[in-house]
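Protein chains in written order, with our numbering: chain Z, 6 to 277; chain E, 194 to 509.
Since the structure comes first, as structure tokens, the remarks are kept for the end.
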């Protein structure tokens with residue numbers, strides 16, 4: 006019992022650290038992420054460049070901090086949009102049932118039927134590569150997932166006594182949905198947002214790695230990994246550290262979601 | 194039978210929806226799709242735009258376009274590639290096997306190792322282990338497979354410089370070389386699903402072990418091995434099977450990325466090449482084919498689920 010709060014604290018601090026790094030990237034990064042230096046190309050870690058430099062002599066630590074900002078920003082924007090749109094659709098489907106539910110969820114089923122990466126690639130193929138299209142692509146992919154995740158628990162809540170009571174005293178649909186039902190879904194939303202954010206980071210990194218996301222020279226973790234791969238045998242640092250940064254970012258977010266889920270879900274608390 | 198009928202209706206609805214979305218892909222491109230496509234390779238002139246528009250039928254009313262297109266799809270005609278003018282189906286057929294093989298191999302590795310690993314994890318309970326296992330599985334889930342692939346290449350090239358790691362040889366030409374080269378990418382690709390499935394098996398095992406029928410089995414003096422494998426595992430495998438179906442989707446998408454790392458000429462290369470030269474009909478057809486494959490796999494898995502678990506059959 007005592008060890009869950011410990012992991013919770015650790016992962017909470019780690020995620021906060023990531024957020025701080027992303028938000029204050031320009032203040033924290035020691036160098037300009039685009040500044041090139043011909044003399045200091047593909048160097049290993051040193052006192053001046055903690056993580057070394059890339060093929061243009063750009064400081065890797067600065068590029069990774071800025072790349073973290075880009076990846077985190079795109080993933081967070083995409084997941085927020087998906088949460089609002091998908092969550093609302095899921096709520097409406099659960100509340101109104103019948104044809105609303107059937108039609109909405111059928112549409113979500115169709116979107117859900119596409120493999121995640123493939124649908125994202127399809128959306129980018131239409132809109133052209135770039136950070137904006139990447140965010141839209143990830144939002145499209147995660148909307149049906151949020152709709153499904155919210156609809157399930159919302160269905161149970163809609164049947165509960167307090168909703169019936171609210172209806173009896175004449176509360177409007179909007180009021181019931183947003184004042185009575187939504188707050189009760191907070192724990193589901195927090196957990197799933199954290200887990201899906203972690204997954205979205207990986208999708209963003211994959212898309213950038215394929216050259217469909219953030220375009221060079223802007224620093225992005227996936228793009229850096231793709232560039233570093235071309236110089237793997239000469240200087241592996243760029244590939245090693247950019248990938249490690251993706252892993253750490255996705256790992257901390259996933260761990261946080263995972264630990265929060267266990268802490269909030271009393272059924273699981275005793276078991277594991 | 195009713196279950197089968199309902200599932201078939203679901204399947205048809207979803208396939209219909211998929212066809213509409215992929216059909217709309219080209220039509221929803223902001224701006225003049227035809228000019229954008231032409232712009233990738235040649236100078237855009239009104240003549241060429243009109244010619245290409247007529248060639249892919251974009252000058253027809255939209256409903257007519259859909260019906261013509263769907264008719265083609267159903268008879269196996271997915272159109273022709275814009276630049277090579279070869280049938281799209283030929284292009285896809287030339288690239289589909291490496292991806293399918295990679296996906297299946299990764300699925301076999303992931304699902305195959307997940308069962309013993311999950312059972313082992315279920316037996317390791319208590320103080321230190323829970324935290325170690327949790328961190329290990331979360332790390333497995335979140336490790337980017339393309340990065341893992343690159344790191345494995347780096348490591349193996351340093352250790353065994355003579356080993357041929359990249360590329361692809363057809364199975365019929367060199368079966369051993371084919372599998373040997375696919376092992377590393379398949380392993381990199383399978384790690385997240387291995388972590389996911391092992392964890393699922395673990396919690397399902399723990400769940401099953403707390404049930405009454407396990408106590409009954411213990412009470413009648415069944416040996417511990419039999420309890421673990423015959424009684425608990427069999428029930429624990431039910432959620433496992435459904436997840437395996439969903440994992441295929443993840444694997445197909447992941448394969449597209451991992452293929453790039455290992456220079457495997459699969460669907461990933463096809464679709465990325467098509468995007469680069471704005472060959473939209475080819476992008477559209479590839480997405481349609483892969484998605485339909487994925488949906489059909491899940492359909493079969495759903496039916497298998499009913500075969501394994503009599504409760505599903507009764508309940509439906």
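Ideal placement from N, C-alpha and C gives every residue a C-beta, glycine not left out.
Straight-line measurement puts the Cα of residue 61 of chain Z at about 37 Å from the Cα of residue 479 of chain E. In the same chain as residue 252 of chain E, and ignoring 5 residues on each side of it, the C-beta atoms closer than 6 Å to its own belong to 246, in chain order. Rounded to the nearest whole angstrom, the C-alpha separation of residue 148 of chain Z and residue 263 of chain E is 27 Å. Across the stretch 450-467 of chain E, CB contacts with chain Z closer than 7 Å involve 450, 453, 464, 465, in sequence order along the chain. Against chain E, the CB of residue 68 of chain Z has no partner CB under 9 Å away; the residue lies outside that interface. DSSP places residue 287 of chain E in the uninterrupted alpha helix (DSSP H) bounded by 281-316. Residue 58 of chain Z has Z:64 as its beta-bridge partners, per DSSP. Look at residue 340 of chain E: its C-beta is under 9 Å from a C-beta on chain Z.
Residues of chain Z with a Cβ closer than 8 Å to the Cβ of residue 250 of chain E do not exist; the shortest Cβ-Cβ separation is about 18 Å. 9 Å or more divides the Cβ of residue 120 of chain Z from the Cβ of residue 473 of chain E. Buried is the label assigned to residue 23 of chain Z, since at least 16 other Cβ atoms lie within 10 Å of its Cβ. Scanning its chain for C-beta atoms nearer than 8 Å, with the 5 sequence neighbours on each side dropped, one finds around residue 228 of chain E the residues 237, 242, in chain order. In the three-state reduction of the DSSP assignment, residue 325 of chain E falls in the helix class, which pools H, G and I.
Bounds of the alpha helix (DSSP H) holding residue 443 of chain E are 427-454. Per DSSP, the beta-bridge partners of residue 273 of chain E are E:280. Taking the CA atoms as reference points, residue 179 of chain Z sits about 12 Å from residue 101 of chain Z. Between the C-alpha atoms of residue 350 of chain E and residue 358 of chain E there is a straight-line separation of about 8 Å.
DSSP places residue 194 of chain E outside both helix and strand once states are collapsed to three, so it counts as coil. For residue 232 of chain Z, the uninterrupted alpha helix (DSSP H) run begins and ends at 226-235, by DSSP. By the Cβ-count criterion, residue 113 of chain Z is buried, with 16 or more other Cβ atoms from all chains shown falling within 10 Å of its own Cβ. Against chain E, a Cβ distance below 7 Å from residue 115 of chain Z picks out 207, 210, 211, 214.
Using a Cβ-Cβ cut-off of 9 Å, residue 166 of chain Z does not count as an interface residue toward chain E, since no Cβ of chain E sits closer than that to its own. Of all residues in the stretch 247-264 of chain Z, only 248, 251, 252, 255, 256, 259, 260, 263 place a beta-carbon less than 7 Å from a beta-carbon of chain E.
Only residues of its own chain outside the window of five on either side were considered, and among them 371 have a CB closer than 7 Å to the CB of residue 363 of chain E, listed in chain order.
In the three-state reduction of the DSSP assignment, residue 268 of chain Z falls in the helix class, which pools H, G and I. With respect to residue 260 of chain Z, residue 257 of chain E sits apart: the two C-beta atoms are not nearer than 9 Å.
Rounded to the nearest angstrom, the gap between the Cα atoms of residue 406 of chain E and residue 336 of chain E is 38 Å. A check of alpha carbon separations from residue 432 of chain E across E:495, E:455, E:379 identifies E:495 as the nearest. At a cut-off of 9 Å, the C-beta of residue 131 of chain Z has a neighbouring C-beta in chain E. Flagged as an interface residue toward chain Z: residue 203 of chain E, by a C-beta distance shorter than 9 Å.
Along the stretch 148-182 of chain Z, there is no position whose C-beta sits under 9 Å from a C-beta of chain E. Following the DSSP letters along the chain, one finds residue 488 of chain E inside the alpha helix (DSSP H) bounded by residues 473-501.
The stretch 163-180 of chain Z makes no contact with the stretch 231-238 of chain Z, as fewer than three CB pairs between them are under 8 Å. Between residue 48 of chain Z and the set Z:262, Z:226, Z:108, Z:243, the nearest pair of CA atoms involves Z:243.
Within chain Z, the residues placing a beta-carbon under 7 Å from that of residue 332 of chain E are 256, ordered along the chain. Collapsing the DSSP output to three states places residue 203 of chain E in a helix.
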